[in-house]
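Visitor:
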Amino acid sequence: MDQTLTLTKSAAQRVGWIAQKQGKPAILRLSVEGGGCSGFQYKFDLDDDLQADDAVSETDGVKLVVDPVSLDLVAGCVVDFVESLGGAAFRVENPNAASGCGCGSSFGI
Numbered sequence: 001m002d003q004t005l006t007l008t009k010s011a012a013q014r015v016g017w018i019a020q021k022q023g024k025p026a027i028l029r030l031s032v033e034g035g036g037c038s039g040f041q042y043k044f045d046l047d048d049d050l051q052a053d054d055a056v057s058e059t060d061g062v063k064l065v066v067d068p069v070s071l072d073l074v075a076g077c078v079v080d081f082v083e084s085l086g087g088a089a090f091r092v093e094n095p096n097a098a099s100g101c102g103c104g105s106s107f108g109i
C-alpha cells in the first residue's frame, strides 16, 4: 500500500494563512472518524506538535500529519484546497475510498 501523503500547494498556502491568523504552527492534522453519510468522515485540525508515530508530509514548510490508525484509511491520499461558487473547502482524494458522498467529507471502504 502506498503510504505517501500529499498536500497540494493550494492547501499548504491556506493552512499557512489559517495558522498565521491563529498564531499556531503550520501543522494540519488529518484524521478519520466513524460517521458521516458514507461510514467514515475526515476531520481536519491545526495541531501544535507532531507525535512520534505520525506520518508526515511537507509542502512549502507546511506539514500534513496523520496518525497510524487513520493512515490505514487515507494512505496515498492527496489533500487539496478548492474554491468554487459553492464555497471553499479542503478536499481529500483518497484512493482507498470505494464510495463517497456529494459533500466530499465522508467516504466508505
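Residue numbers (the UniProt record's numbering): 1 to 109.
Beta carbons: idealized from backbone N, C-alpha and C, even for Gly.
At which residues does the beta strand (DSSP E) containing Ala89 begin and terminate?
Guide: Counting from 1 along the sequence shown, the entry for residue 89 is found at position 89. Start and end: 87-93.
Visitor: Please tell me whether Leu46 and Leu30 are closer than 9 Å, where the distance is taken between their beta carbons.
Guide: Taking the first residue of the sequence shown as 1, we reach residue 46 at position 46. Taking the first residue of the sequence shown as 1, we reach residue 30 at position 30. Their beta carbons are not under 9 Å apart, which means Leu46 does not touch Leu30 by this criterion.
Visitor: Whole-angstrom Cβ separation of Thr59 and Ala19, contact assumed at under 8 Å?
Guide: One-based indexing of the sequence shown puts residue 59 at position 59. One-based indexing of the sequence shown puts residue 19 at position 19. About 13 Å; that fails the 8 Å criterion.
Visitor: Within its chain, find whatever has a CB closer than 6 Å to the CB of Lys24; leave out the 5 residues flanking it on each side and keep chain order.
Guide: The residue labelled residue 24 in the question sits at position 24 within the sequence shown. Counting only Cβ-Cβ distances below 6 Å, and skipping sequence neighbours, we find Leu46.
Visitor: Where Gly16 and Ser57 are concerned, what is the direct C-alpha to C-alpha distance, given to the nearest angstrom?
Guide: Locating residue 16 in the sequence shown gives position 16, where the first residue counts as 1. Locating residue 57 in the sequence shown gives position 57, where the first residue counts as 1. Rounded to whole angstroms, Gly16 to Ser57 spans 14 Å at the Cα level.
Visitor: Identify whether Asp72 lies in helix, strand or coil by the three-state DSSP scheme.
Guide: Taking the first residue of the sequence shown as 1, we reach residue 72 at position 72. Asp72: helix per DSSP, three-state reduction.
Visitor: Can you find the residues in the same chain that come closer than 6 Å, C-beta to C-beta, to Ala26, ignoring five residues on each side of it along the sequence?
Guide: Stepping through the sequence shown from its first residue, residue 26 is reached at position 26. These residues qualify, in order along the chain: Val15, Gly16, Ala19, Val62.
Visitor: Do Val78 and Val66 have their beta-carbon atoms positioned less than 9 Å apart in this structure?
Guide: The residue given as residue 66 occupies position 66 in the sequence shown. The residue given as residue 78 occupies position 78 in the sequence shown. Not closer than 9 Å, so no.
Visitor: For Lys43, I'd like the list of residues in its chain whose CB is within less than 6 Å of its CB, leaving aside the five on either flank, ordered along the chain.
Guide: For this step, residue 43 is matched to residue 43 along the sequence shown. Correct list, in chain order: Ser31, Glu33.
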